[in-house]
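2 protein chains.
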Amino acid sequence: MSANTRFPVAIHILAFAAIYPGQCSSERIAESANTNPVVIRRLNGQLKKAGLLRIRNGAAGTELARPPEEITLKEVYSAVKTKESSHLFSTHQRPNPDCPVGGNILGAIREPLDAAQEAVELALDKYTIAGVVEIIRKGIKER
Amino acid sequence: MSANTRFPVAIHILAFAAIYPGQCSSERIAESANTNPVVIRRLNGQLKKAGLLRIRNGAAGTELARPPEEITLKEVYSAVKTKESSHLFSTHQRPNPDCPVGGNILGAIREPLDAAQEAVELALDKYTIAGVVEIIRKGIKER
DNA sequence: CAAAGTGTAACTATAATAGTTACAAAAGGG
DNA sequence: CCCTTTTGTAACTATTATAGTTACACTTTG
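Protein chains in written order, with my numbering: chain A, 1 to 143; chain B, 1001 to 1143.
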């Protein structure tokens, strides 16, 4: 697969940890997200480093490091983005610097691209893991 | 390459057409953007279909279809996005529907992801090709 | 110390993207 | 009316970010 699913899967992990505390082995989460345990562990590592998740070896001791109301989706997004995925749009690699347009295009589009990036993060900052969990719980009840 | 550079290159094309009317063969633009003429022609086709560019065969007759002040970067973005690139984040393909979390996660994250998407387009709508061209022209003068 | 689970390296597989070649069709100039 | 230039597009290859997988040493808990 080539699509970047890290962000949605990371939300999945945190929501799972919120709903099933003490039952969060990478294997169980992987089953829920329909992916591979190693994929979960890799994301776990990033979420741990970002201070969102607490993980204990040897036991399925994964749990949220902070209350879900305090964890915004912006933080999750930031936690799992790589250098490549960190910009919404790649600027084309090397426009010809000898051409007046090529030599100035990158500077000319930086502001709008940065603004778009900023807008995404601002939008995501308004949502929390608690909000996601709430909707999931509502869905569970309606069965 | 795997990165999506269509959006930046599309802006490049339109800016080039605004600055060098009557001299816009796909070959010249490709040289400026440091890519292949066919890549330019493919994007040209999408920009033409979106009503942003007018193209004549046989002569380098590419020109803006509308005044650059009226062409927003949102329109450009919309013109060149594919089904795959149309969503900022792919939702992970098939979370396990038998798990309460897996069965409800997609519904729970749709709203924030849509909001992020909307935020990007709103941000891009504030910028125009004319604005980009202005900055390029400023850069040219400063040599 | 045994069982369960994590961390991580190393590799393969997938898929979206750009790059390239080739050529028929269109337009315009002489 | 033909010749040149250029576009439109198909068909293919190359690249690369990503996920998936296997394997195993290490850690924690009971």
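Ideal Cβ positions, reconstructed from N, Cα and C, are used throughout, including at glycine.
- Listed as beta-bridge partners of residue 63/A by DSSP are 54/A.
- From the listed residues 1102/B, 1103/B, 1142/B and 1078/B, the smallest Cα separation to residue 1122/B is found for 1078/B.
- Straight-line spacing of the CA atoms in residue 90/A and residue 1119/B works out to 18 Å.
- Nearest to residue 1033/B by alpha-carbon distance, out of 88/A, 98/A and 127/A, is 98/A.
- Interface flag for residue 76/A against chain B is unset, since no Cβ pair is found closer than 8 Å.
- Residue 1136/B is positioned such that its CB atom lies no closer than 8 Å to that of residue 1040/B.
- Per DSSP, residue 1087/B is not a residue of any alpha helix (DSSP H), being assigned neither H nor E.
- Taking a contact to require three or more Cβ pairs closer than 8 Å, the segment 1007-1022 of chain B and the segment 1047-1059 of chain B qualify as touching.
- Inter-segment contact for the segment 1099-1115 of chain B and the segment 21-37 of chain A is present: three or more beta-carbon pairs are separated by less than 8 Å.
- Judged by DSSP secondary structure, residue 33/A falls within the alpha helix (DSSP H) whose first and last residues are 26-33.
- DSSP places residue 1077/B in the uninterrupted alpha helix (DSSP H) bounded by 1073-1080.
- Shown in chain order are the members of the segment 1090-1109 of chain B whose Cβ falls below 8 Å from a Cβ of chain A: 1090, 1091, 1092, 1093, 1094, 1095, 1096, 1099, 1100, 1101, 1102, 1103, 1104, 1105, 1107, 1108 and 1109.
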